[in-house]
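Shown next, in structure tokens, is the structure this report addresses.
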Amino acid sequence: MSLNRAEHAQTAQELQENLSKVALEQVAADLGTTPEKVLAVSQLDVDRIEEPWILRNYLIKALGSDLTPFTVLTGDYRQMWFLDTAYIDRAQLGYA
């Protein structure tokens, strides 16, 4: 799935808005990475296309009803043939 410019901007905005509602250091620790990597993923500066989905899934669980809905990263990622679902399910962005 390739995002156009508007979708890219919208997705980054939604990730950053939701990320602002949680402690960055805790997110990084939970996802096995650094705060800098989490911020990069929230801006869609990624090494793998699965990384925004990992952050999205984390934020959905962490925020519950306080979540600002995602409008581009929607649906069941397991149904998207181009994503490595096992990588997403590990829920890790790297090493701290």
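Straight run, no breaks: the sequence shown in numbering that gives the first Met the number 0 ends on number 95.
Glycine included, each C-beta is placed from N, C-alpha and C at the ideal position.
- For a cut-off of 8 Å, the C-beta gap from residue 49 to residue 82 is around 6 Å, short enough to register as a contact.
- In the DSSP assignment, residue 41 falls within the unbroken alpha helix (DSSP H) covering 34-41.
- In the structure shown, the three-state DSSP call for residue 22 is coil.
- Taking the C-beta atoms as reference points, residue 41 is found nearer than 7 Å to residue 15.
- The continuous alpha helix (DSSP H) containing residue 53 extends over residues 50-62.
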